[in-house]
Each structure stands twice: as structure tokens, then as C-alpha cells.
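All remarks here apply to the structure that follows.
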RNA sequence: CGGGGCGUAGCGCAGCCUGGCAGCGCGCCUGCUUUGGGAGCAGGAUGUCGCAGGUUCAAAUCCUGCCGCCCCGACCA
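Numbering (my numbering), first residue to last: 14 to 585.
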């Protein structure tokens with residue numbers, strides 16, 4: 014397959030200073046990738062071998078799940094995006110370009126528009142459904158801040174699949190098929206991962222799961238229950254509605270002078286009460302309308318939940334002048350009493366009594382405030398950020414927080430795009446209906462990076478057999494020793510003949526250099542051909558992961574290697 | 001977009017404060033020795049000091065502008 018001496022494989026001893034996380038450092042050091050510009054990378058031969066293996070596993074499982082591979086254009090006409098409404102909505106992440114005729118295009122960050130247009134034009138009847146089409150293609154998202162190498166780059170490889178169904182039930186099945194395929198895919202990569210319930214964001218739709226690879230370096234937070242299956246993205250993580258207790262034994266309300274006391278910490282310290290006895294009043298602008306959102310002092314608002322609850326497009330904290338207008342006081346003294354806006358409150362308010370709020374008056378707060386008596390809360394909702402040890406919404410267990418890398422997501426899109434772009438079919442009842450869609454993504458490069466995050470040691474990468482760039486590396490200890498190099502060459506030829514992915518380290522380097530490189534690039538099996546063992550007619554088979562070494566007689570190496578690789582592919 | 005940092009040989013960095021021969025380590029090339037965990041000795045090559053302008057007898061060094069990269073934040077999914 015490959016001789017090391019001929020391969021373009023520039024490894025380095027030193028770690029590049031601008032690589033922060035381990036997978037990025039190791040990808041650079043092992044000669045897998047090189048940066049061309051911010052968030053834009055070239056895959057070198059070793060890196061591209063890994064990428065192709067990841068793609069092929071994804072491809073196999075997508076095909077197995079009944080999806081068909083297509084290949085769509087990277088450059089997409091603006092009209093499609095105008096039609097779906099995303100030319101306006103998508104924002105600066107969409108890289109827009111003009112052609113020589115001054116027509117607008119974008120470099121596809123995703124392909125809902127293209128696929129919907131295609132299917133709309135070609136599919137007429139329910140008899141042609143369900144249909145699931147996918148592609149593996151380079152996307153471009155002009156991230157504000159690309160980082161962590163290939164983990165969060167601007168240009169990146171992605172598998173994206175789109176399902177079209179005639180009925181809700183069929184759409185559920187399509188979703189489930191993809192969900193199951195994803196489980197198989199990430200299992201084959203040897204990853205420790207977890208599907209978590211997720212917010213469906215601006216892509217829209219009703220339901221979605223993210224596939225999170227657990228890693229401390231992960232950019233995403235997730236929570237999981239210690240005693241049931243519940244797991245969710247931090248932003249999505251639900252909090253159950255507490256039981257309402259009716260306690261009407263209220264103390265009389267009291268206004269107190271609190272000069273220059275603004276934050277929850279300052280208020281609770283100044284008044285000698287716990288943050289749990291203070292209510293935070295935050296003024297948001299929801300599509301231009303002010304809304305007062307109340308949450309217990311020790312909790313934080315989850316803006317994603319709030320946005321979903323309000324069903325608004327834009328949501329931001331109000332500016333100082335708006336606060337003054339709505340509350341009549343400067344920032345830091347907002348409270349619900351007499352406020353000129355709608356008031357909603359998080360569940361954490363439900364059983365609070367005699368709490369502290371801002372007085373809507375500079376340098377004043379109010380003690381012993383109570384909802385119902387002193388002001389009215391229009392609605393209670395689940396609006397706060399989850400915390401470690403919060404109760405599980407599904408069982409009696411407690412929630413834990415972990416970090417993860419989002420390697421895949423599955424969305425139920427519903428009719429968002431079919432409606433906007435008029436993708437209909439004729440149903441058996443003779444009526445025209447909207448196709449029900451789903452979309453399913455896997456980050457190819459990110460998945461490879463996640464594998465490294467989860468599987469490495471101080472010497473380098475430890476690839477699982479399924480995506481290792483080579484399954485075996487043969488290392489003759491000294492290339493100038495005729496016997497060693499001849500044995501290594503013969504072994505190499507026979508393994509190649511067996512269809513094994515093997516690289517022969519035929520460089521005229523000292524053994525230590527070769528060992529270090531073999532470890533760094535993470536080849537699962539190393540066959541060392543050295544004079545001591547060879548005198549006994551044996552070679553040494555060393556496993557990258559465990560470091561264990563077995564001396565195997567030359568005659569039986571081929572069978573041993575084949576079996577080991579097959580076992581490795583099965584369990585990985 | 002705001003804050004901070006960086007840009008000097010292929011890579012990692014020093015030199016800049018206090019202007020005066022462009023340096024170190026790794027890598028690379030040649031030769032000899034060496035050959036089981038990143039060898040030793042000897043010799044050698046390699047720079048628009050990010051770009052442009054300014055100050056100065058003299059600029060990697062000081063000043064101005066621009067570009068690129070990294071980190072933190074805001075933003076987005």
C-alpha cells in the first residue's frame with residue numbers, strides 16, 4: 014500500500030503554539046492537516062485517509078438505512094434562499110458571492126433549499142415516498158470565530174441527509190431509522206457518545222436529537238440523568254413544573270433605601286438575605302416589545318427557552334433607555350410592581366414568598382414582596398438555565414452536567430421548507446399535501462477530531478481499527494541490515510496481498526525515531542522486525558492501545574494479523 | 001464587532017524596552033561514526049524581520065496606517 018519513505022507525512026516533534034486542544038495539536042503534529050487560512054484546512058495524505066474511512070462508514074450505514082447518495086452543488090443561487098426566507102434570516106454566517114453577471118449566490122452552509130427544490134420538481138405522488146437522499150460534501154459557514162482546528166472550522170465536510178414522507182407516522186419512522194443508523198455509525202468509530210434532546214434552533218421544526226461525544230474539551234454542554242435515559246442539550250434541558258403551594262401568610266411590604274446596590278450579590282449582602290430570597294427582574298426586547306422576566310436570584314435565564322416560549326425572532330436584553338422607560342428607574346432597580354410591560358416568571362418563582370425585588374426607583378428595593386398581592390404574573394414557564402443536581406424531569410433522579418462535542422444531529426423539520434417552497438405531492442385521497450421533512454447531519458472532520466479527543470495518550474493518537482489511516486505499520490529496526498529489511502519487505506508484500514492496509518517504515522532512521530512516529534500517527538498494530546526476535550524466527554506485534562507485545566513466528570503472522578484486525582473492526 | 005496578545009529561517013522561539021554585523025533550538029544538506037524509544041562529531045545552506053509609509057546618519061527595534069493569526073467576550077447553530 015505505502016512506503017513511509019515515499020509518503021508525504023510531515024510529523025513534528027514540537028507542538029504548534031496556536032493549537033489549543035489535543036486533537037488539533039495531534040492532527041498538526043502527525044501531519045494530517047495544515048492550515049491555509051482561518052478555519053480553512055488542507056488534508057494531507059494521512060489525514061485524508063482517515064476522512065475517507067469516516068465517510069465510507071457513514072456511507073455504508075446510510076445506504077444500509079435505505080438512503081440514496083446524491084451530490085449537490087456547493088454554490089447555490091440566492092433565489093432559492095429568498096424563497097425559503099433564509100437569505101434574510103441566515104445572517105453573516107452565509108458566505109454570499111456574486112458572479113460576473115452580478116447575480117447573487119451563496120456557498121452552501123447546508124442544503125435544505127436545494128434538495129427541497131429538487132424533490133418538489135421530481136416527486137408528484139405518495140407512491141414515490143418515502144424518500145431519503147444524502148450527500149457527503151464540503152460546506153462553508155462563515156463562523157465568527159473558528160477554533161480548535163478542524164473541530165470548528167469554516168469549511169468542513171458534512172454528511173447531510175434529507176427525508177421526505179407522506180404521513181406523520183412515516184416521518185417518525187424515517188427519523189427513527191436515521192437515529193438508529195447514527196447509533197451504529199458512532200459505535201463503529203469506537204466513540205463514547207450519547208444522543209441528547211436538543212433545541213431545533215432556527216432550522217426550525219419540532220424535535221431534534223444531537224449526538225454528543227463526551228469530552229471535557231467539548232464546546233457544548235449537556236445534562237443527563239443518573240437514573241434514567243433522559244439526556245439533553247443544556248439549552249433544552251427541561252425543568253419540571255413544581256407543585257404550587259398556597260401560603261397566604263404574607264408579611265407587610267416594605268420599601269428600603271439601597272444606595273448603589275444593584276446586583277443580586279450586592280442586594281443580598283446589603284439586606285442580609287440569601288440570593289434565593291431575591292427576585293431578578295430582567296427586561297428583554299422580544300421582537301421590539303419589552304417583556305419583564307422574573308427568575309429567582311440564584312438562577313439564570315435560559316435565553317433559548319425564553320425565545321421558544323415567546324415564539325419571537327429577535328430577543329435581546331433591553332438597553333438602559335428602554336429600562337428607564339419601562340420601569341421608571343435606571344438599570345439595577347427593576348422590579349415587577351407597577352412595571353409597564355408584560356410579566357412572565359420562571360417556575361422558580363412559584364413558591365417564593367416575602368421576597369426582595371427592585372422598587373423601580375433609583376437606590377431602592379422592596380422587601381416582603383408577594384405575587385398575587387403586590388403584582389400579577391401573567392404566566393409561569395420553564396425559563397431558567399439548568400444546574401447540576403436539578404431534579405430529572407422524567408424520573409426521581411438527579412441531573413449531571415457534562416461537556417460534549419456535537420458530531421451529529423437529527424431534526425424533524427415538519428413542513429417548514431416544503432411549505433415555504435411549495436413541495437407537495439398528490440396523496441391517495443386525491444388531495445395535494447405538503448411533504449413532511451427531516452434532516453440529518455454528521456460532521457465528518459469533527460468526528461475524526463472527536464475520536465482523537467477520546468483516544469490518545471502522551472505519545473500521540475490511538476486510532477480505532479475502523480478509521481485508522483493504516484491498520485498495520487511494519488518497522489524494520491535497521492534498514493541497513495539485509496536480513497531485517499528483506500524480511501520486512503516480504504512481510505509487507507504478503508500483508509498487502511491479504512488486503513491489509515499496511516505501511517512499511519523503510520526509512521533509514523534509527524529505531525527510536527520510527528517508534529515515536531508510529532505512536533504519534535496512532536497505527537493500531539506495529540510489527541517490529543528486529544534481529545533478536547528474528548534469530549528465533551519471530552517478529553514482534555505491538556498493540557498501540559495497550560502497549561502489549563507478542564512475539565509471533567513468521568509463518569503465522571499473516572493469520573494472526575488478519576484475525577486481530579477483524580476482531581478490532583468488530584469491537585470498535 | 002469590543003478587549004488582549006502575536007507576526008523574525010520549514011517549525012518553535014530570543015532579540016525590540018535602551019536604534020548600530022540577523023541569532024538560538026529543532027528540522028534540512030554533506031561526510032564519518034552510530035543503529036531496539038526522537039544519536040554523536042565535523043562541515044554547510046536557508047531571512048522582502050507581515051505590508052506600506054514616516055522619524056533618523058542608521059530601523060527587526062521608535063511613530064502612523066493596513067493586513068494576517070491566536071485568545072477572551074458578544075453573536076450564531
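Just so you know, even glycine gets a beta-carbon here, dropped at the ideal spot from N, CA and C.
Start and end of the beta strand (DSSP E) containing residue i?
i: residue 221; result: 220 to 227
i: residue 329; result: 328 to 330
i: residue 643; result: Since the first residue of the chain shown is 14 and the last is 585, residue 643 is not available in this structure.
i: residue 352; result: From DSSP, residue 352 is part of no beta strand (DSSP E); its letter is neither H nor E.
i: residue 233; result: 233 to 238
i: residue 93; result: Taken as a continuous stretch (DSSP letters only), residue 93 belongs to no beta strand (DSSP E), being part of the alpha helix (DSSP H) at 91 to 97.
i: residue 291; result: Counting along the chain, residue 291 falls outside any beta strand (DSSP E), and DSSP gives it neither H nor E.
On the CB-based measure, 16 or more other CB atoms within 10 Å of its CB, does residue i come out buried or exposed?
i: residue 301; result: exposed
i: residue 340; result: buried
i: residue 334; result: exposed
i: residue 49; result: exposed
i: residue 270; result: exposed
i: residue 582; result: exposed
i: residue 111; result: exposed
i: residue 259; result: exposed
i: residue 53; result: exposed
i: residue 189; result: exposed
i: residue 16; result: exposed
i: residue 500; result: buried
i: residue 327; result: exposed
i: residue 470; result: exposed
What's the C-alpha gap between residue i and residue j?
i: residue 360; j: residue 156; result: 35 Å
i: residue 28; j: residue 36; result: 12 Å
i: residue 323; j: residue 356; result: 12 Å
i: residue 276; j: residue 244; result: 33 Å
i: residue 296; j: residue 62; result: 52 Å
i: residue 200; j: residue 375; result: 59 Å
i: residue 163; j: residue 286; result: 48 Å
i: residue 208; j: residue 239; result: 15 Å
i: residue 365; j: residue 263; result: 11 Å
i: residue 426; j: residue 558; result: 41 Å
i: residue 128; j: residue 456; result: 19 Å
i: residue 283; j: residue 371; result: 13 Å
i: residue 569; j: residue 514; result: 18 Å
i: residue 405; j: residue 256; result: 15 Å
i: residue 388; j: residue 349; result: 7 Å
i: residue 393; j: residue 319; result: 11 Å
i: residue 589; j: residue 169; result: No answer is possible for residue 589: the residues shown for the chain start at 14 and end at 585.
i: residue 99; j: residue 81; result: 26 Å
i: residue 23; j: residue 543; result: 25 Å
Under DSSP, the alpha helix (DSSP H) around residue i begins and ends at which residues?
i: residue 86; result: That residue, residue 86, is in no alpha helix (DSSP H); it is neither H nor E in DSSP.
i: residue 71; result: 58 to 77
i: residue 40; result: 35 to 42
i: residue 206; result: From DSSP, residue 206 is part of no alpha helix (DSSP H) but of the beta strand (DSSP E) over 206 to 210.
i: residue 271; result: That residue, residue 271, is in no alpha helix (DSSP H); it is neither H nor E in DSSP.
i: residue 130; result: 125 to 135
i: residue 334; result: 333 to 340
i: residue 563; result: Unbroken run through residue 563 is the beta strand (DSSP E), 562 to 566; no alpha helix (DSSP H).
Examine the ligand ADP and report whether any of its heavy atoms sits within less than 7 Å of the Cβ of residue i.
i: residue 47; result: With respect to the ligand ADP, the structure offers nothing, as it holds no ligand at all.
Contained alpha helix (DSSP H) runs [length at least 4] in the region 426 to 477, N- to C-terminal order = 429 to 433 and 457 to 467
Is the number of C-beta pairs between the region 93 to 108 and the region 227 to 247 that are closer than 8 Å three or more?
-> no
Between the region 434 to 442 and the region 244 to 258, are three or more C-beta pairs nearer than 8 Å?
-> no
Please confirm if the region 411 to 420 is in contact with the region 130 to 144, defined as three or more CB-CB distances below 8 Å between the two stretches.
-> no
Does the region 546 to 553 come within contact of the region 516 to 523, defined as at least 3 CB pairs closer than 8 Å?
-> no
At which residue ranges does the region 362 to 400 contain complete beta strand (DSSP E) runs of 3 or more residues, listed in the order of the chain?
-> 368 to 371, 377 to 382 and 392 to 394
Do the region 568 to 580 and the region 534 to 549 make contact, defined as three or more Cβ pairs closer than 8 Å?
-> yes
Which full runs of the alpha helix (DSSP H) of 4+ residues lie inside the region 507 to 550, going along the chain?
-> 524 to 534 and 544 to 548
Output the residue ranges of the beta strand (DSSP E) runs that lie fully inside the region 153 to 190 and measure 3 residues or longer, sorted by chain position.
-> 168 to 178
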